[in-house]
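In terms of the numbering used here, the sequence shown opens at residue 228 and continues consecutively. Heads up, the thing below is written out as structure tokens.
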Amino acid sequence: MPKLTEESLVFWPDLSCKKSFNPNEVIFKAGKPNQYRLLVSSGMVRRYKTLADGRRQILGFSIPGDWIASSLGEEFSFSADAVDAVRAYSFTRDSVIALLVGQPEVLARFHDLAHAELAAAEEHMLLLGRRRSEEKIACFLLTMRERWARLGKRSVTVHLPMCRRDIADYLGVSMETVSRTLARFARDGIILLVPEGVRLLDTGSLEQLSGLEVSTK
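This is the structure we're talking about:
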């Protein structure tokens, strides 16, 4: 997905301000006035909706280089919390509109961002509805590996600061299923569970288990 990077902000010094959030701190809530946009600089953000029965559906995890609340609607359509310590650049709604009017190339990149978000939402629906639990978890691990690789953090260890409950609420399975499946992958020599995440030992088996071509979004 096209990104407006931190380096780009040197051209907009008067349009943004830096914000910091502690682990698990609420960044914004669904239904509240949509007063600003955030560009993640470091850390990870969970985006989610709370269902009528109180359950939580995580929509995705934002990492450095991702925009949060790129829509220009007047209210936030989802909630967002910091997974770990997060730093971000904040833009007011009016400053983003002024930026889009003044720099057509930025407007084009926001259009690309909107299309990519729609594609990611469609793939998430497929992930939730058409794959078995082990396929979902295998695909999740491979996708996170590719997302970190895009930031130049290519490694056999996939950084996973989110908890098992977060992964379960994203994939639409139980926390016990996530823990049990990861433990089975470890017993089978496919992965190694490490404090900072998961080390991929047999990506070929994971790709086979994922069921479909892995998306990098």
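Just so you know, even glycine gets a beta-carbon here, dropped at the ideal spot from N, CA and C.
In this structure, MET389 sits away from ALA395, with a CB-CB distance that is not shorter than 8 Å.
For ALA315, the enclosing beta strand (DSSP E) covers residues 313-319.
With at least 16 other beta carbons inside 10 angstroms of its own, VAL425 counts as buried. Every beta strand (DSSP E) stretch that sits fully inside the segment 345-422 and reaches 3 residues is listed by chain position as 384-386 and 418-421.
If the five residues before and after ARG391 are omitted, its C-beta is found closer than 7 Å to the C-beta atoms of MET402, VAL405 and SER406, all from its own chain and listed in chain order.
In this structure, the straight-line span from the alpha carbon of ALA315 to that of LEU436 is close to 35 Å. Counting only residues of its own chain and dropping the five nearest sequence neighbours on each side, VAL383 has a CB closer than 8 Å to the CB of ARG426, LEU427 and LEU428.
About 12 Å separates the beta carbon of GLY270 from that of LEU378, a gap too long to meet the 8 Å contact definition. Assignment of beta-bridge partners to LEU266 by DSSP yields TRP294 and TYR316. Sequence-distant Cβ neighbours of LYS259 in its own chain, meaning closer than 6 Å and more than five residues away, are PHE303. GLN284 has LYS276 as its beta-bridge partners, per DSSP. A direct Cα-Cα distance of roughly 23 Å separates PHE412 from LYS380. Collapsing the DSSP output to three states places GLU301 in coil. At least 8 Å separates the beta-carbon of VAL310 from that of LYS363. With respect to TYR275, ARG283 sits close: the two C-beta atoms are nearer than 8 Å.
Taking a C-beta distance under 8 Å as the contact criterion, ALA307 and VAL267 do not qualify as a contact pair.
Under a 10 Å Cβ-count criterion, ALA376 is classified as exposed, with fewer than 16 other Cβ atoms of the shown protein chains found around its own Cβ. Straight-line measurement puts the Cα of ASN249 at about 7 Å from the Cα of VAL313.
Under the criterion of beta carbons closer than 8 Å, SER317 and SER243 qualify as touching, at roughly 6 Å. According to DSSP, residue pairing for ALA309 in a beta bridge involves VAL272.
Annotated as proximal: GLU434 and LEU369, with beta-carbon spacing under 8 Å.
Sequence-distant Cβ neighbours of THR319 in its own chain, meaning closer than 6 Å and more than five residues away, are TYR263.
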